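Respectively, the protein sequence lines represent chains A and B. For the first sequence, counting from 1, position 389 maps to 389 in my numbering; every step adds exactly one. Add 576 to a position in the second sequence, counting from 1, and you land on the number used in my numbering. Notes for the one structure printed next.
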Amino acid sequence: MRKLLVYLKDYKKESLLAPLFKMLEASFELFVPLVMASIIDVGIANGDRTHIMKMCGMLILLAVIGLTCSITAQYFSAKAAVGFAAKVRHALFSHIQSLSYSEMDEIGTSTMITRMTSDINQVQTGVNMVLRLFLRSPFIVFGAMIMAFTIDVKAALIFVVTIPLLAIVVFGIMLVSIPLYKKVQGGLDDVLLTTRENLTGSRVIRAFHKEKEETEKFREKNQTLTALQMFVGRISALMNPVTYIIINVAIVVLIWTGALRVESGNITQGEVVALVNYMSQILVELVKLANLIITITKSVACGNRIESIMEIHSTMKEGLGVEAADSKNEDYAVVFENVAMRYQSGGAPAVSGIDFKVRHGETVGIIGGTGSGKSTIINLIPRFYDTSEGRVLVDGQDVRDYTFEGLRDKIGIVPQKAVLFAGTIRDNMKWGKQDATDEAIWEAMTLAQASEFVEQKDGRLDAEVEQGGRNFSGGQKQRLTIARALVKQPEILILDDSASALDYATDAKLRQSIRSMKSDPTVFIVSQRAASILHADQIIVLDDGAVAGIGTHESLLRDCEVYQEIYYSQFQKKEA
Amino acid sequence: MAQTQNKKREKQKDTLSKVLRYIKKYWFYLVLSIILAAVSVVLTLYLPILTGDAIDYIIGKGQVDFASIFAILRKMAVIILITAVAQWIMNVCNNRMTYHVVRDIRMEAFEKIEHLPLSYLDSNSYGDIVSRVIADVDQFADGLLMGFTQFFTGVITIIGTLLFMLSVNVKITLVVVLITPLSFVVAGFIAKKTFSMFQLQSVTRGEQTALIDEMIGNQKIVQAFGHEDEALEKFDEINGRLEKYSLRAIFFSSITNPSTRFINSLVYAGVGVAGALSAIMGGISVGQLSCFLSYANQYTKPFNEISGVVTELQNALACAARIFEIIEEEPEVAEDEDAVVLEQVDGSVDLKHVYFSYTPDRKLIEDFNLNVKPGQRVAIVGPTGCGKTTLINLLMRFYDTDSGEILVSGEPIRHLTRESLRSSYGMVLQETWLKQGTIRENITMGKPDATEEEMIAAAKASHAHSFITRLPHGYDTVIGEDGGSLSQGQKQLLCIARVMLALPPMLILDEATSSIDTRTEQRIQSAFAKMMKGRTSFIVAHRLSTIQEADIILVMKDGHIIEQGNHEELLAKGGFYYNLYNSQFAK
Chain A
1 MRKLLVYLKD YKKESLLAPL FKMLEASFEL FVPLVMASII DVGIANGDRT
51 HIMKMCGMLI LLAVIGLTCS ITAQYFSAKA AVGFAAKVRH ALFSHIQSLS
101 YSEMDEIGTS TMITRMTSDI NQVQTGVNMV LRLFLRSPFI VFGAMIMAFT
151 IDVKAALIFV VTIPLLAIVV FGIMLVSIPL YKKVQGGLDD VLLTTRENLT
201 GSRVIRAFHK EKEETEKFRE KNQTLTALQM FVGRISALMN PVTYIIINVA
251 IVVLIWTGAL RVESGNITQG EVVALVNYMS QILVELVKLA NLIITITKSV
301 ACGNRIESIM EIHSTMKEGL GVEAADSKNE DYAVVFENVA MRYQSGGAPA
351 VSGIDFKVRH GETVGIIGGT GSGKSTIINL IPRFYDTSEG RVLVDGQDVR
401 DYTFEGLRDK IGIVPQKAVL FAGTIRDNMK WGKQDATDEA IWEAMTLAQA
451 SEFVEQKDGR LDAEVEQGGR NFSGGQKQRL TIARALVKQP EILILDDSAS
501 ALDYATDAKL RQSIRSMKSD PTVFIVSQRA ASILHADQII VLDDGAVAGI
551 GTHESLLRDC EVYQEIYYSQ FQKKEA
Chain B
577 MAQTQNKKRE KQKDTLSKVL RYIKKYWFYL VLSIILAAVS VVLTLYLPIL
627 TGDAIDYIIG KGQVDFASIF AILRKMAVII LITAVAQWIM NVCNNRMTYH
677 VVRDIRMEAF EKIEHLPLSY LDSNSYGDIV SRVIADVDQF ADGLLMGFTQ
727 FFTGVITIIG TLLFMLSVNV KITLVVVLIT PLSFVVAGFI AKKTFSMFQL
777 QSVTRGEQTA LIDEMIGNQK IVQAFGHEDE ALEKFDEING RLEKYSLRAI
827 FFSSITNPST RFINSLVYAG VGVAGALSAI MGGISVGQLS CFLSYANQYT
877 KPFNEISGVV TELQNALACA ARIFEIIEEE PEVAEDEDAV VLEQVDGSVD
927 LKHVYFSYTP DRKLIEDFNL NVKPGQRVAI VGPTGCGKTT LINLLMRFYD
977 TDSGEILVSG EPIRHLTRES LRSSYGMVLQ ETWLKQGTIR ENITMGKPDA
1027 TEEEMIAAAK ASHAHSFITR LPHGYDTVIG EDGGSLSQGQ KQLLCIARVM
1077 LALPPMLILD EATSSIDTRT EQRIQSAFAK MMKGRTSFIV AHRLSTIQEA
1127 DIILVMKDGH IIEQGNHEEL LAKGGFYYNL YNSQFAK
């Protein structure tokens, strides 16, 4: 939690002023019992009406000052808390964006989403409450004690015993419940996961009529959550009754001591009343403090969870950047030098011993069975993952020397899963290049075979894309994602099995148009269709994470057994 | 303006009555809680009287009646103990009630999700729905709990204090009664002002959650395109708005407390003056005045709390309203009362004059007719976006036809139970979906009572067995959300194994092997072929090799069938299919 507090630093003024005004309000409140004691001991005892009226005016004045201070404090604390939350949200969002693929695989999407939403809200409430009350309450508690000392030292000793006792109870309950709140949040995460899963998998769940079972599963998780919540609730419910007992027993003792002190003539009746008032004031504040502590425990738990995400740093160190001149004269666009790569979660390396060179403008086909490591290889080029052994060079420079931006600027990627984002088609296309003109977009669309259906859309480039691109078919989405990569006019274009939803005719046209591109990019095509890579300058055949053969179609068909098998599974032998 | 206000109030009332319906089930705890609240409040109120009495026995030096004081103090001790116990039990009751109500609401929302028409799910952002079921419900719980714990005690304290005060002195009570309503007016005014602010905050929050869901859910693409800055910019824009709305909502609602506290202080001053004056005239004793002062504090404190609770409840109601929106969303068309359970599936499927479109203004499928005989293999080909997937949506009854009907085994599917219709199809979709759990759970999804041998046989048939055994824990490996670290192809193999195990009488394969390499695919084909034998199957595929052996090939374009026949017939025809087929060998 502590590290999050740096985000309050822009609100230093607010976070100082809020408690300060609260304390001002509180200190005026502390005068009230004294004024009342004076009414009793001076006003009533002497029958002095003017004194009573004067004191009454004093009370009202105190109230007005209190109100002003308090509203000022509320404003500053709301401003600081809300601003703080906005800053944390911003920081967390940008932090998550800086994480590498490995870390994101590790954390999981729904965890990141809860951290961004409900956890931050909880922290916001916590900060707001702390600024408002956390100083005020202890101040009143100790203030009341000090005031008691000014009245009578012996009676004040009761305060000295009572307050630590209360502190022990309050903090004891707090210590017990903090870890429990963590568990509650975990239960909530579980419930969230099931909900999300049922939304994304609604078709499959219904096809297998698993609704009842899923509901049952949800019921279980929901029940676990409820049980946890109630358990924590029962413990924190102890707070009020226990503090009530302590305070009131203290009042009983106070009256008895007061009686003794009055009997011996050390204090007056009015002063006993004032002492009792101070004790009641402590109770009122403690109730607030107790509620506050519950809020704080929750917030701290949430804050720690947010922080734990903030503490996950990308295992990848960004390079310092590469001089453009160094790379221009290089023959090879991409070189893999004896590369091996192991995912964090998986045991065996996903690929190993990968060694190949690609010249500028060449087209490389990567083919191989499911899970043979095709995607892994191309994920290494834009440095989404780091190699475990060997190195990857782009334009003669180690990818680890580039800045992320510098490296990824060169590369256009069409991922396996076609995802579009909410907005217009134009918005989506501009992902590749912020300042792309409509002309450039249309050109990319034409290349990607997407212009035809986009032209039929209402609003054309302004047509709405719903979240995830749900209002487009799989093939349309794929073509748009291809166009998105082309808008960028990349030096290296990577198509990660991204024509799978296209029919053969469109696929063929697409490849042709890419070949005709003026910028003559180096192209990597990952595919399972032999037809898609047949005409590549180089074909890399993968089998179980290792290279089974590299060469042209003809040479592979002659020498590479794996390639032959793949090829003939798609084309009848007679055509070979 | 007044009208919208009225409407808003109406809506709030409506939401409230719905919440009350959920609470009704736990009336026992509610009643117990109220009784205990009454007990603890009355005893709490009695305490100041005793304190006052005790103080009256402490008059001055040498004028203290220790015996009477001791008796009073002993009484106080007993009362304190009883109060504390009553308070604790009350808190526990409230906890129980709140968390059960919340559990029920969440459960109902979830059940609703299971029964919402797919058209709703397809057109609403998941992030928003999730935010309602999780964050809104959570916030609602907080509000409700606060309501329960403080509302009753608050109300009872007010009534109780009033009675006790009246029993001591009528005039001073009047002072209190006259000033306090101000507190209500102020609190009510603020609450009314803040409700719409909270709602605005809630809406903006939903918007932000949707963006977070989208961007973080697809973080890898965001990074690949170096779109982090733009995403952050958009995020910041919403974040800025949220900050503004939240500040307003929080600040204005937080004025309530100081304002009512101010009125408290006025009451306190009023009681002080009136009490002191009447004490001079001998109307009341100093002890009674002290008792009154502590009442004045206690009397107004619940007003504070109630008004605090009111704002909190407003917020809670705004959240509840958003949850109820989901709960009350129109579910899938109910099954007919006498819906038939499809038992003997012969596998014939008839589509008669089917019309369908997702949006009325864009016609998609028009006058679609198809007759599939039992055991036939139907392949559907056509350019992307021609309506292939839509056809499957209709067959599975994920969507209902606009007009015309679909018959399975001679029964119109609208007249069948959804469960029996859907379970007679085995479906493998292009978009693979796996649930979080073990590989075993995922494969046996369609047939939970399958034996180990059956499951392994299915996995072997779909060529998933070898990669599964290479996973750290084999079949018991837990895979994460949406397949986690598995590749698309591996996920697809698991989806195929799932269907191979369930072996329903009809099959739908929508691009079932699009992510699987052809070598493996060809091996699976033989298993598919075995599986399809005697089963009516619908196959959507781009790879024409998959389709060649179909009995009927439907060539679709723009929602219509433009060609129909088997492979040879269509090739001979030299039409659209012919071009499509030849294009795969093109350069």
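Quick reminder that beta carbons are idealized off the backbone N, C-alpha and C, glycines included. All of these numbers come straight from a predicted model, not from anything done at the bench.
**Prompt:** Counting along the chain, where does the alpha helix (DSSP H) carrying H313/A start and finish?
**Reply:** First-last for H313/A: undefined, no H or E at that position.
**Message:** Using a Cβ-Cβ distance cut-off of 7 Å, determine whether R577/A contacts chain B.
**Reply:** Because chain A is modelled from 1 through 576, residue 577/A falls outside the range shown and cannot be assessed.
**Request:** Could you tell me which residues DSSP puts in a beta bridge with K357/A?
**Result:** V335/A
**DSSP-derived helix/strand/coil call for A1162/B** = Annotation note: pLDDT 45 at A1162/B (below 50); position unreliable, coordinate value reported separately. Looking at A1162/B - three-state DSSP - the assignment turns out to be coil, as it is neither helix nor strand.
**Message:** Between I120/A and I306/A, how many whole angstroms is the CB-CB distance? I'm expecting something under 8 Å.
**Reply:** 7 Å
**Request:** Would you list, in chain order, the members of the segment 108-137 of chain A that have their beta-carbon closer than 8 Å to a beta-carbon of chain B?
**Result:** Flagged, chain order: G108, T109, S110, M112, I113, T114, M116, T117, S118, N121, Q124, N128, R132.
**Prompt:** How would you list, in chain order, the residues of chain B whose beta-carbon sits under 8 Å from the beta-carbon of Y364/A?
**Reply:** The amino acid at residue 364/A is misidentified as Tyr; the sequence shows Val. Here the premise fails: no neighbours, minimum Cβ distance about 17 Å.
**Message:** According to DSSP, simplified to helix, strand and coil, what is D386/A?
**Reply:** coil
**Asked** Given 8 Å as the limit, is there contact between the segment 231-251 of chain A and the segment 838-850 of chain B, that is, 3 or more CB pairs closer than that?
**Response** Contact check between the segment 231-251 of chain A and the segment 838-850 of chain B: fewer than three CB pairs, one atom from each, fall below 8 Å, which does not count as touching.
**Prompt:** Going by other Cβ atoms of all chains shown within 10 Å of its Cβ, with 16 needed for buried, is I803/B buried or exposed?
**Reply:** One detail in the question is off: residue 803/B reads as His in this sequence, not Ile. So H803/B ends up on the buried side.
**Prompt:** Between the segment 816-839 of chain B and chain A, which residues of the former have CB atoms less than 8 Å from a CB of the latter, in chain order?
**Reply:** G816, L818, E819, S822, L823, I826, F827, S830, I831, N833, P834, S835, R837, F838
**Prompt:** What is the DSSP secondary structure of A576/A, counted as helix, strand or coil?
**Reply:** With a pLDDT of only 37 at A576/A, under the threshold of 50, the placement of this residue in the model should not be trusted, and no figure is reported.
**Request:** Return the bridge partner residues of E1139/B from the DSSP annotation.
**Result:** V1131/B
**Prompt:** Expressed to the nearest angstrom, what Euclidean distance is found between the alpha-carbon atoms of A576/A and D543/A?
**Reply:** Note that A576/A has pLDDT 37, beneath the 50 cutoff, so the model's placement of it is unreliable and no number is given.
**Prompt:** Cα-Cα, which of G353/A, L188/A, G201/A, R391/A is closest to Q229/A?
**Reply:** L188/A
**Asked** Per DSSP, what kind of secondary structure is L992/B in: helix, strand or coil?
**Response** strand
**Message:** As an exercise, report each continuous beta strand (DSSP E) stretch of at least 3 residues that is fully enclosed by the segment 408-439 of chain A, in chain order.
**Reply:** 411-414
**Request:** State yes or no: is the C-beta of L407/A within less than 7 Å of the C-beta of V399/A?
**Result:** yes
**Request:** Decide if K79/A is buried, meaning its Cβ has at least 16 other Cβ atoms within 10 Å, or exposed.
**Result:** buried
**Asked** Are K87/A and Y181/A touching if we call contact CB-CB under 7 Å?
**Response** no
**Message:** Could you compute how far the alpha carbon of I533/A sits from the alpha carbon of I367/A?
**Reply:** 8 Å
**Message:** Are there any heavy atoms of the ligand FMN lying less than 6 Å away from the beta-carbon of F404/A, as far as the coordinates show?
**Reply:** In the structure on display, the ligand FMN does not appear, and there are no ligands present to speak of.
**Message:** On the CB-based measure, 16 or more other CB atoms within 10 Å of its CB, does V917/B come out buried or exposed?
**Reply:** exposed
**Prompt:** Between M23/A and the rest of its own chain, which residues show a CB-CB distance below 8 Å, the 5 nearest in sequence each way excluded?
**Reply:** L135, R136, F139
**Prompt:** What residues of chain A sit near A711/B, judged by a beta carbon separation below 8 Å?
**Reply:** Chain A residues near A711/B: T117, S118, N121.
**Prompt:** Secondary structure at Y1154/B, three-state DSSP: helix, strand or coil?
**Reply:** helix
**Prompt:** So Q538/A is in the beta strand (DSSP E); what residue range does that whole segment cover?
**Reply:** Under the DSSP assignment, Q538/A falls in the beta strand (DSSP E) whose first and last residues are 538-543.
**Message:** So with CB distances below 7 Å, who are the chain C contacts of A237/A?
**Reply:** Looking for chain C here will not work: the only protein chains present are A and B.
**Prompt:** Between which two residues does the beta strand (DSSP E) containing I956/B stretch?
**Reply:** Element bounds for I956/B: 953-957.
**Asked** How long is the line joining the alpha carbons of S372/A and V465/A, rounded to whole angstroms?
**Response** 34 Å
**Request:** Answer yes if the segment 251-265 of chain A comes into contact with the segment 857-865 of chain B, meaning at least three C-beta pairs across the two stretches below 8 Å, and no otherwise.
**Result:** Too few Cβ pairs lie closer than 8 Å, so no.
**Rounded separation between M145/A and F646/B - CA only** = 25 Å
**Message:** Using only CA atoms, which one of R479/A, Q124/A, L225/A lies nearest to V184/A?
**Reply:** L225/A
**Asked** Could you give the distance in angstroms between the alpha-carbon of V984/B and the alpha-carbon of G1002/B?
**Response** 14 Å
**Asked** Would the segment 986-1002 of chain B and the segment 206-216 of chain A be scored as touching if the rule is three or more Cβ pairs under 8 Å?
**Response** A contact between stretches requires three or more CB pairs, one per stretch, nearer than 8 Å, and the segment 986-1002 of chain B meets this requirement with the segment 206-216 of chain A.
**Under 7 Å by beta carbon: chain B residues contacting T162/A** = What T162/A touches in chain B: nothing, since even the nearest Cβ is about 14 Å away.
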